[in-house]
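Structure record follows, encoded as structure tokens.
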Amino acid sequence: MSKTLFDQALTAAKAYHAALPAVAEFQPWPDDITWADRAGNQIPGAALVQSDPGFAADGIPAVAEVHALQQAIMALAPYAEWRHTYTEEEVGHDFLQRYGWFELVGPTGHFHSLQTRMTIGYWGPGLTYPWHQHAPEELYAILSGSADFMAKGDEDRRLVPGDTRMHGANQPHAMITHEHPILCFVFWRGEGLADDPAMSAD
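Under this note's numbering, residues 1 to 202 are what the sequence shown spells out, in order.
Structure representation (structure tokens):
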């Protein structure tokens with residue numbers, strides 16, 4: 001059952017990738033994807049992906065593909081290998097209760113690839129994701145909900161479903177959710193695909 005859900009999510013992700021020019025231009029779809037058969041791992045925030053994924057939007061580019069991928073991720077949530085990356089000392093207890101991510105495709109993903117890292121991230125409403133950075137370049141693509149995105153050297157932007165935001169290599173960036181949660185499809189390219197982000201220095 002769960003393998004079928006992962007296959008459906010991968011199919012939806014590939015269709016989404018092809019339908020959004022900003023995503024397709026960021027990196028080609030990898031040609032080295034294989035099933036990794038990783039065990040699931042549940043964390044408190046995982047259940048919120050199904051109960052409160054954030055609002056969907058109509059009248060946006062590739063609305064059918066955006067909605068299909070959101071629905072596939074919601075169905076997959078109980079079986080995914082959810083992770084936290086950060087400690088309670090770094091982000092606080094409440095943040096860890098309402099945040100999480102899993103790697104759909106990548107070096108340590110449910111589907112293995114050395115060409116990319118594709119993750120699904122969820123943040124509940126009223127959270128501040130502190131300034132952090134990583135070596136790979138990154139593209140956030142919003143599936144549902146809304147948040148304010150900040151990046152050093154760039155203007156702040158509030159993103160909604162269908163929007164994207166790119167972060168450069170080691171560019172510090174942060175995010176704030178308000179009344180809505182946010183569900184994101186995140187792409188990495190470049191060196192250090194298997195590495196975790198690190199909090200930015202003050």
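All C-beta atoms in this analysis are idealised placements derived from N, C-alpha and C, irrespective of residue type, glycine included.
Just so you know, these numbers come straight off a predicted model, no measurement behind them.
DSSP places I33 outside any alpha helix (DSSP H), giving it a letter other than H or E. Under DSSP, T119 shares a beta bridge with E103, V186. In this structure, the CA atom of L10 is about 31 Å from the CA atom of V91. Look at the beta carbons and you see the stretch 125-133 not touching the stretch 110-117: under three pairs across the two are nearer than 8 Å. Scanning D7, W101, H67 for the CA closest to the CA of Q42 turns up W101. The C-beta of H93 has fewer than 16 other C-beta atoms within 10 Å across all chains shown, which makes the residue exposed. Residue pairing by DSSP puts E137 in a beta bridge opposite R189.
By the C-beta density criterion, Q70 is buried, having at least 16 other C-beta atoms within 10 angstroms. Counting along the chain, no beta strand (DSSP E) covers L127, and no H or E run does either.
Taking 8 Å as the upper bound for CB-CB distance, Q8 and A62 are not in contact here, some 18 Å apart. Annotation: H84 is outside any beta strand (DSSP E) and is labelled neither H nor E by DSSP. Residue pairing by DSSP puts H173 in a beta bridge opposite H132, A151.
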